[in-house]
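Shown next, in structure tokens, is the structure this report addresses.
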Amino acid sequence: MNDFFIDYLIASIRLTTPLAFAALGGLYSERSGILNIALEGMLLTGAFTSSVATFYTGNPWIGIAAALIAGGIIGLLHAFLSVTLRVDQLVSGLAINLVAAGLTSFGGRLVFSTAGQQRLPGIDSVTIPLVSNIPVIGQLLFQQNILVYLLIVLVVSTTYVLYKTSFGLTLRAVGEYPKAVEAAGISVSKVRYLAVIISGCLASLGGAYLTLVQVRYFAEGMSAGKGFIAIAALIFGKWHPIGTTLACLLFGATEALQLRIQAMSVNIPYQFLVMLPYIIALLALVGLAGKSTPPAALILNDDN
Numbered sequence: 125m126n127d128f129f130i131d132y133l134i135a136s137i138r139l140t141t142p143l144a145f146a147a148l149g150g151l152y153s154e155r156s157g158i159l160n161i162a163l164e165g166m167l168l169t170g171a172f173t174s175s176v177a178t179f180y181t182g183n184p185w186i187g188i189a190a191a192l193i194a195g196g197i198i199g200l201l202h203a204f205l206s207v208t209l210r211v212d213q214l215v216s217g218l219a220i221n222l223v224a225a226g227l228t229s230f231g232g233r234l235v236f237s238t239a240g241q242q243r244l245p246g247i248d249s250v251t252i253p254l255v256s257n258i259p260v261i262g263q264l265l266f267q268q269n270i271l272v273y274l275l276i277v278l279v280v281s282t283t284y285v286l287y288k289t290s291f292g293l294t295l296r297a298v299g300e301y302p303k304a305v306e307a308a309g310i311s312v313s314k315v316r317y318l319a320v321i322i323s324g325c326l327a328s329l330g331g332a333y334l335t336l337v338q339v340r341y342f343a344e345g346m347s348a349g350k351g352f353i354a355i356a357a358l359i360f361g362k363w364h365p366i367g368t369t370l371a372c373l374l375f376g377a378t379e380a381l382q383l384r385i386q387a388m389s390v391n392i393p394y395q396f397l398v399m400l401p402y403i404i405a406l407l408a409l410v411g412l413a414g415k416s417t418p419p420a421a422l423i424l425n426d427d428n
């Protein structure tokens, strides 16, 4: 029973990681006042580019680099449409999602159909000496792959940057009072461009995790709505890095639970079990976790 529980916790962390990368990316964007519905497309883009680069080079680290570049480009596109052209942010994000879904589906068939669905070389776990021997905690936190360690660093560093640095203060001010920031001589557009590009890079890391750690191959639509669950996690976590990550952990644990229940052959329709993570996300969106107040510029969708 103890081994079953530990395996469940490990699976929860594994399923949480791509969500948390995407949610942290969305946090940077939305803290600057730019709604980022495009997280789903950024996840898919990261998954596709990392798998293709790894497939042709045999090096997963090149795949990670390719995902970061592709995610940054998608973020730049979203920023250009939303900030420079002032396209409706919801429309821009949905358009990116649709284009990413179509292009990655076509590209996946083009690249992988002739070679068969080969298993990609992935990123293995790194065991940290001494602390990895601690019961339960050692297995959960100190026998993970480098991307999980990077996620922990990102959560801590993002919290510090947002609340303890001048850049974080500027970013939050742009999301709340952009006119005041402009009056102080700071370019709101540049801050938003940077925030959305960072958003794309982080979300694409979540996609790379899917292909290079979780399953080690690319499949059409493999993000499976995780970008939208990441948005729900932002609301659940009230746009705070730690709260958002804990919300992602809740969704990841729910998904791990439904997988475990399916494996136990419980007499429950599997369709209902698959719905569980999305039901939790919907409950978050309707405000079950309490009132969440987004950055003011997200509501106004302008520079007031």
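For the sequence shown, the working numbering gives the first residue as 125, with consecutive numbering after it. Cβ atoms here follow ideal geometry from the backbone N, Cα and C, with glycine treated the same way. Note that the structure is a prediction, hence the values are computed from the model and not measured.
Close-in-space but distant-in-sequence residues of the same chain around residue i (CB under 7 Å, 5 per side omitted)
i	result
Q213	I158, L159, S206, N425
S174	G187, I188, A190, A191, G331, A332, T335, L336
R316	S156, G157, I158, A203, V207, V298
T378	L400, P401, I404
A177	I186, G187, A190
T283	P365, I366
Chain-order list of residues whose beta-carbon lies under 6 Å from that of residue i (same chain, five-residue window excluded)
i	result
L222	none
A297	V305
N428	In this prediction, N428 has a pLDDT of 47, which is less than 50 and means its spatial position is unreliable; nothing more can be read from the coordinates.
L329	F145
L397	Q382, I385, Q386
Proximity to residue i [Cα-Cα], best of the options
i	options	result
G262	A224, I130, I197	I130
A327	G182, I385, I193, F179	I193
A142	G309, I276, Y287	Note on identity: in this sequence residue 142 is Pro, with Ala being the wrong assignment. Taking only the C-alpha atoms, the option nearest P142 is I276.
M346	Q268, L286, T169, E154	T169
E164	S311, L422, L318, S323	S323
Y341	Y132, F236, T417, L265	F236
A224	P418, I385, A171	A171
G231	L133, Y287, G150, F179	F179
P253	Q268, V390, L151	Q268
I134	L167, V260, C372, A162	V260
Residue i versus residue j - alpha carbon distance
i	j	result
K303	I366	28 Å
V285	L201	25 Å
I355	K362	11 Å
A147	A357	7 Å
S256	V312	45 Å
R210	I197	18 Å
T140	L374	8 Å
Y301	P419	9 Å
CB contact below 8 Å: residue i versus chain C
i	result
V207	Of the protein chains in this structure there is only one, and it is not chain C.
Neighbour-count burial assignment, residue i, 16 or more Cβ in a 10 Å radius
i	result
K314	exposed
M166	buried
Sheet register partners of residue i (DSSP bridge)
i	result
S249	N269
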